[in-house]
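As structure tokens, the structure follows; a few thoughts come after it.
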Amino acid sequence: MGVPCVRVPREAGEETRQRLAEANLVDDGYDITVVDGQLYVPVTDPTAVPSDFTVVEADPPVREGQTMPADALDFDPSYERIGDVAIVDEDDDERARMIADAIMGSDLPVRAVLNRASKIKGEQRVRDWDILAGEGTEVTHREYGCTFDLDLAEVYFSPRLATERHRVTKQVGEGEQTFDMFAGVGPFAIPFAKRGASCVGTDINETAIEYLQANAERNGVADRMTGICGDVREVAGEYEDWADRVVMNLPHSADEFLETAVRLAADECVVHYYDIQHEDDLFGPGQKAIRAAAEPAYDVTVETRHTVRSYAPKEHNIVLDVRLTR
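For the sequence shown, the numbering used here begins at 2 and goes up steadily by one.
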């Protein structure tokens, strides 16, 4: 079986490698190779690669002298990395610890291994973790030129949404007024601010807002970033008719906050509405809910209907990019 690789012309190689590295997608276990003027960059998750790249299967050599977790096991383990922490999702404790030992014994730049011990739960969307090796749950994550400190046990964060966040960020213009209703540690808001936008981010998780503010400082955008701890429905009164762009990344219950999003919207506003829906009707419920909240005060134009990723059997995480015009 081949290794998934991004294939680009050799002259575009360094720019490509940097973009993939910033998204934490480069597979360190294999060498980057050149064949017939084409560069092949091994990647860890082909589904997360930006759509403007071509992903193919190739046969790059294993990095010389580099030991990988599979070398110590009789199978190829599944894991993902956030910064210098590896994450596994195993129900069998013995298997989980065996994988953790193999990861720590490999040449991967990992200082700790965590196992998911619960599903995401509660209003603050956090989960429990078992620390299998190393210490602590705080990590530093790098993504498309931004750096985020966070504690996986205290805040919600998904590295799998890196490509989606980058897709939205590329739409942001200098001078825009943007509002992230469920901001977390800032993976939408801070890249927006780096593009010259003014950003307000709210979250009910006080720890997330503390990280948001620290991350704004770290990324040099504190002067364009306002973090507010609280329910966005109670905060919105201070920002009525203000936002040129609103992010609603709360897929299971964003519909409950649509009236608030409409209050925030300026005369023209793009709303990025995230939802979880059955494959039989991915976009219909969201479109209906948005129109019910915004019309007749606004004309509603659905500009993008996009499936972000599979969520569960026959269910998908989707996004609607919707333009509201008063």
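Beta carbons: idealized from backbone N, C-alpha and C, even for Gly.
Kindly indicate which residue of 73, 89, 210 and 79 has the alpha-carbon position closest to the one of residue 103. In the sequence shown, the residue the question calls residue 103 occupies position 102. Here the closest residue by C-alpha is 73.
Does any C-beta atom of chain B lie closer than 8 angstroms to the C-beta of residue 154? Of the protein chains in this structure there is only one, and it is not chain B.
With which residues is residue 149 paired in a DSSP beta bridge? Along the sequence shown, one-based indexing puts residue 149 at 148. Bridge partners of residue 149: 142.
Using CA atoms only, rank isn't needed, just tell me which of 158, 126 and 105 is closest to residue 135. One-based indexing of the sequence shown puts residue 135 at position 134. It is 105.
Quick check on residue 24: buried or exposed, where buried means 16 or more other Cβ atoms within 10 Å of its Cβ? Position 23 of the sequence shown, counted from the start, is the residue given in the question as residue 24. With 16 or more other Cβ atoms within 10 Å, it is buried.
Whole runs of the beta strand (DSSP E) within the region 248-323, excluding any shorter than 3 residues: 266-279 and 300-313
When you compare each of 267, 182, 234 and 270 to residue 227 by their alpha carbons, which one comes out closest? Within the sequence shown, the letter at position 226 stands for residue 227. Comparing Cα positions, the closest option is 182.
Nearest candidate by alpha-carbon position, reference residue 107, set 149, 64, 230 and 95: Locating residue 107 in the sequence shown gives position 106, counting from the first residue. Out of 149, 64, 230 and 95, 64 has the C-alpha closest to the C-alpha of residue 107.
Residue environment, residue 22, which counts as buried when at least 16 other CB atoms sit within 10 Å: Walking along the sequence shown from the start, residue 22 turns up at place 21. Exposed is the call here.
By a C-beta neighbour count over all protein chains shown, 10 Å radius and 16 as the cutoff for buried, is residue 256 buried or exposed? Position 255 of the sequence shown, counted from the start, is the residue given in the question as residue 256. When all chains shown are included, residue 256 counts as buried.
Reduced DSSP category for residue 24 - H, G, I as helix; E, B as strand; rest coil: Indexing the sequence shown from 1 puts residue 24 at position 23. Residue state, collapsed to three classes: coil.
Residue 117 and residue 88: beta carbons closer than 8 angstroms? On the sequence shown, residue 117 is found 116 positions in, with the first residue counted as 1. On the sequence shown, residue 88 is found 87 positions in, with the first residue counted as 1. Their beta carbons are under 8 angstroms apart, which means residue 117 touches residue 88 by this criterion.
If you pair each beta-carbon of the region 312-322 with each one of the region 269-283, do three or more pairs fall below 8 angstroms? yes
With 16 other CB atoms within 10 Å as the buried threshold, where does residue 19 fall? Sequence index remark: in the sequence shown, residue 19 carries index 18 (1-based). Under this definition residue 19 is an exposed residue.
Using the beta-carbon count (16 or more within 10 Å), is residue 246 buried or exposed? As a working note, residue 246 is residue 245 in the sequence shown. Its Cβ being crowded by 16 or more others within 10 Å, residue 246 is buried.
Select from 203, 188, 209 and 237 the residue whose C-alpha is nearest the C-alpha of residue 220. Numbered from 1 along the sequence shown, position 219 holds the residue referred to as residue 220. When only C-alpha atoms are compared, the closest one is 188.
Residue 201 and residue 149: beta carbons closer than 8 angstroms? As a first step, residue 201 must be located in the sequence shown, where it is residue number 200. As a first step, residue 149 must be located in the sequence shown, where it is residue number 148. Result no, Cβ atoms of residue 201 and residue 149 do not sit closer than 8 angstroms.
How about residue 147 and residue 191: do their beta carbons lie closer than 8 angstroms? The residue you call residue 147 lines up with position 146 of the sequence shown. The residue you call residue 191 lines up with position 190 of the sequence shown. Taking 8 angstroms as the Cβ cut-off, residue 147 and residue 191 qualify as a contacting pair.
What are the partner residues of residue 5, as DSSP defines its beta bridges? Here residue 5 corresponds to residue number 4 of the sequence shown, with the count starting at 1. For residue 5, which the question treats as bridged, DSSP gives the partners 58.
Less than 6 angstroms between C-beta atoms, sequence neighbours within five positions excluded: which residues of the same chain meet that for residue 122? Taking the sequence shown and counting its residues from 1, the one referred to as residue 122 is at position 121. Excluding sequence neighbours, residue 122 sits near nothing in its chain.
Give the C-beta separation of residue 180 and residue 251 to the nearest angstrom, bearing in mind that I take them to be a contact with Cβ-Cβ under 8 angstroms. In the sequence shown, residue 180 corresponds to position 179, counting from 1. In the sequence shown, residue 251 corresponds to position 250, counting from 1. Going by Cβ atoms, the distance from residue 180 to residue 251 rounds to 13 angstroms, so no, they are not a contact pair.
If you reduce the DSSP assignment to three classes, tell me which class residue 64 lands in. By one-based count along the sequence shown, residue 64 stands at place 63. Looking at residue 64 - three-state DSSP - the assignment turns out to be coil, as it is neither helix nor strand.
Contact the region 206-222 vs the region 151-168: 3+ CB pairs below 8 angstroms: yes
Taking its Cβ as the centre, do 16 or more other Cβ atoms sit within 10 Å of residue 302, making it buried, or is it exposed? Locating residue 302 in the sequence shown gives position 301, counting from the first residue. Classification of residue 302: exposed, given that the 10 Å Cβ count is below 16.
Just tell me which of 203, 225, 49 and 212 has its CA closest to the CA of residue 238. Your numbering for residue 238 matches position 237 in the sequence shown. Nearest option by C-alpha distance: 203.
Which residue's Cα is closest to the Cα of residue 109: 254, 253 and 67? Here residue 109 corresponds to residue number 108 of the sequence shown, with the count starting at 1. The shortest Cα separation from residue 109 among 254, 253 and 67 belongs to 67.
4-residue-minimum alpha helix (DSSP H) runs that sit fully inside the region 190-246, ordered along the chain: 190-195, 207-219 and 233-236
So, is residue 166 buried or exposed, given that buried needs 16 or more other C-beta atoms within 10 angstroms? Reading the sequence shown from its first residue, position 165 is the one you call residue 166. It counts as buried.
With a cut-off of 8 angstroms on the beta carbons, I'd call residue 350 and residue 44 a contact; round off their distance for me. There is no way to answer for residue 350, as the model of the chain reaches only from 2 to 327.
Check this for me: beta carbons of residue 7 and residue 55, under 8 angstroms apart or not? For the purposes of this step, residue 7 is taken as the residue at position 6 of the sequence shown. For the purposes of this step, residue 55 is taken as the residue at position 54 of the sequence shown. Contact flag set, yes.
Contact defined as beta carbons within less than 8 angstroms: I believe residue 334 pairs with residue 196. What is the distance between those atoms, to the nearest angstrom? No information on residue 334 is available, as it lies outside the stretch 2 to 327 that the chain covers here.
DSSP three-state assignment for residue 104, whether helix, strand or coil: Numbered from 1 along the sequence shown, position 103 holds the residue referred to as residue 104. Residue state, collapsed to three classes: helix.
Can you give me the Cβ contacts of residue 12 inside the same chain, cut-off strictly under 8 angstroms, excluding the 5 residues immediately before and after it? For this step, residue 12 is matched to residue 11 along the sequence shown. Hits under 8 angstroms: none found.
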